[in-house]
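Converting from the sequence shown to the working numbering requires adding 44 to each position, the first position being numbered 1. The beta carbon of each residue, even a glycine, is placed where N, CA and C say it ideally should be.
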Amino acid sequence: MPSNVVASKRRDPGRLGAIIVTLVILAAWPLALPPLIDLETLSPAPGAHLALSPAYVVLAPICDVMDALTLLSVSQTVALLVSLAALYIVWRELRWRRFGTTLVRELRCALVALAGLVLFYFLGIVAPRPMARLTLDDANALSIDVHSHTRFSHDGRSSFTPEANRAWHRNAGFDVAYITDHSRFAGAREAARDNPPRAGDGLTSLPGIEYVANHNHLLTLGASDSGAALLAGDAQGARAVHPDLSVRDPVIVQTIPDRLDRLPAPDSAGLRGAIAIELSDGSPRGIEQGQVDRTRIIHLADSLDLALVAGSDNHGWGRTAVAWSVMHIPGWRAMSADSLGEAIADRLHAARRRAVEVVARRTPDTGGYGALVVATLPAVAWNILRTMSPLERVSWIAWIWIATALAMFGVSRLRGIA
45 MPSNVVASKR
55 RDPGRLGAII
65 VTLVILAAWP
75 LALPPLIDLE
85 TLSPAPGAHL
95 ALSPAYVVLA
105 PICDVMDALT
115 LLSVSQTVAL
125 LVSLAALYIV
135 WRELRWRRFG
145 TTLVRELRCA
155 LVALAGLVLF
165 YFLGIVAPRP
175 MARLTLDDAN
185 ALSIDVHSHT
195 RFSHDGRSSF
205 TPEANRAWHR
215 NAGFDVAYIT
225 DHSRFAGARE
235 AARDNPPRAG
245 DGLTSLPGIE
255 YVANHNHLLT
265 LGASDSGAAL
275 LAGDAQGARA
285 VHPDLSVRDP
295 VIVQTIPDRL
305 DRLPAPDSAG
315 LRGAIAIELS
325 DGSPRGIEQG
335 QVDRTRIIHL
345 ADSLDLALVA
355 GSDNHGWGRT
365 AVAWSVMHIP
375 GWRAMSADSL
385 GEAIADRLHA
395 ARRRAVEVVA
405 RRTPDTGGYG
415 ALVVATLPAV
425 AWNILRTMSP
435 LERVSWIAWI
445 WIATALAMFG
455 VSRLRGIA
């Protein structure tokens, strides 16, 4: 077959594909949904917005897809990869029948495709890129991460210093980040040195710790000594061992993923046991349990009067915040770090179930129906299409046609050479 005929056949499908994708992006515009939801009610979160920097908008096709992959559970990720592999096999089979090829060529193409997918995931996990940022309309509302780590945790990324932790949270729109390294306070102490005099002038890092009690992973927020965590919230006993302990009434948080039947129930005074439970945890396994056990977690919060909170569980990987714990504390912007930490603890103890609203990124949640996981690939694509801002749509369309033009130019060059 003459090379110019082959080039023509390759050029027209590319242009047709660009037209189809452009029309799909435009057609989904009237069906757009807010990208943020109240994770308890699954309805739009009033007063909360997702702010995108100019760099994020310019790189929207890359940032949107990388964010979408970060928001998936373990089973959804597996289903997505299986779907991509199946589509690749079908595509190569159809192409083989139409144009013919060799086994060696197909193996080489498969290796290139696999390497490209691995590279994309790798860059999404480790490479710096613009982040979507939460903004709140209410000046008395603040966004909190109750669960994060630094390089001082045994499983933290070696380059994730307390300052890198601060930058990650600031870029994601958090006002407060608890550093809850595993049984260590070094990261929290180092981060506290860079706190602003007034909480409203920048991100405030507060101390905490993650530890294991009765085989469950728990957090103590505001702890300034490992004795508080080791005693699992026994404030009186902790003071007896460490008289300088600053925690008045410890805030114990049950994390996920974990065995919810082993949750340490609070006592009437709130001095022992958990008074909060994660509804969202940013790790893939945490996202998994958050989807599967969402109803059970809310029931536990209702029956035990527990605050529902969100933790990023960030160990230094990725550039996507899954959810934010939003609290209302009048005048918090003028408080010092210590005063703000006490105000947060007081609010959690006083309001408990009513203390926090969990604002989350909209995701293709299976709603507890495991069979729906097989539809992860179209669900992810549909979720991206419906949560794009107008500027993101313009960016997507521009990149689609830039890529199409470059491909057509390359084909024309080959045609001219032939």
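In the DSSP output, what is residue i paired with across the bridge?
{"i": "T205", "result": "Looking at the DSSP assignment, T205 forms no beta bridge with any residue, so it has no partner."}
{"i": "E332", "result": "Paired residue(s): none; E332 is not in a bridge."}
{"i": "R405", "result": "L80"}
{"i": "W140", "result": "Beta-bridge pairing links W140 to no other residue."}
{"i": "T248", "result": "V220"}
If we count the other Cβ atoms within 10 Å of its Cβ and call it buried at 16 or more, is residue i buried or exposed?
{"i": "W135", "result": "exposed"}
{"i": "I341", "result": "buried"}
{"i": "H198", "result": "exposed"}
{"i": "W212", "result": "buried"}
{"i": "T264", "result": "buried"}
{"i": "G168", "result": "buried"}
{"i": "A447", "result": "exposed"}
{"i": "I63", "result": "exposed"}
{"i": "P310", "result": "buried"}
{"i": "G231", "result": "buried"}
{"i": "F453", "result": "exposed"}
{"i": "H343", "result": "exposed"}
{"i": "A130", "result": "exposed"}
{"i": "L60", "result": "exposed"}
{"i": "L151", "result": "exposed"}
{"i": "R457", "result": "exposed"}
{"i": "P408", "result": "buried"}
{"i": "L262", "result": "buried"}
{"i": "N184", "result": "exposed"}
{"i": "V295", "result": "buried"}
{"i": "F166", "result": "exposed"}
{"i": "I133", "result": "exposed"}
{"i": "P79", "result": "buried"}
{"i": "P46", "result": "Here P46 scores only 47 on pLDDT, less than 50, and its place in the model should not be relied on; the value that follows carries that caveat. Under this definition P46 is an exposed residue."}
{"i": "D189", "result": "buried"}
Compute the distance between the beta-carbons of residue i and residue j, then report whether it is under 7 Å.
{"i": "S97", "j": "P206", "result": "no"}
{"i": "E322", "j": "T299", "result": "yes"}
{"i": "R214", "j": "L247", "result": "yes"}
{"i": "S439", "j": "A99", "result": "no"}
{"i": "R391", "j": "V366", "result": "no"}
{"i": "A208", "j": "I223", "result": "no"}
{"i": "Q333", "j": "P301", "result": "yes"}
{"i": "W368", "j": "S187", "result": "yes"}
{"i": "A92", "j": "V403", "result": "yes"}
{"i": "A320", "j": "V297", "result": "yes"}
{"i": "A243", "j": "R377", "result": "yes"}
{"i": "V417", "j": "Q120", "result": "yes"}
Nearest by alpha-carbon distance to residue i: which of the options is it?
{"i": "F164", "options": "T179, G217, A183, I106", "result": "I106"}
{"i": "H259", "options": "G217, L247, T114, L304", "result": "L304"}
{"i": "R397", "options": "V370, V418, E386", "result": "V370"}
{"i": "T364", "options": "V109, V102, V65", "result": "V109"}
{"i": "P422", "options": "E84, D82, A112", "result": "A112"}
{"i": "N239", "options": "L250, V297, G231, D311", "result": "L250"}
{"i": "M379", "options": "V336, A442, D245, A76", "result": "D245"}
{"i": "P74", "options": "H93, L429, Q333, I441", "result": "L429"}
{"i": "R237", "options": "R210, L83, Q335, P88", "result": "R210"}
{"i": "A318", "options": "H193, D293, D325", "result": "D293"}
{"i": "D382", "options": "G217, H193, F204, R233", "result": "R233"}
{"i": "W361", "options": "A451, T194, M432", "result": "T194"}
{"i": "F196", "options": "L416, N358, T145", "result": "N358"}
{"i": "A157", "options": "L128, G144, T179", "result": "L128"}
{"i": "E84", "options": "W426, A442, L450, V400", "result": "V400"}
{"i": "L125", "options": "S192, L161, D225", "result": "L161"}
message: With a threshold of 8 Å, are at least 3 pairs of Cβ atoms found where one atom belongs to the segment 139 to 147 and the other to the segment 344 to 356?
response: no
- prompt: Touching or not, the segment 375 to 392 and the segment 63 to 73, by the rule of three or more beta carbon pairs under 8 Å?
  reply: no
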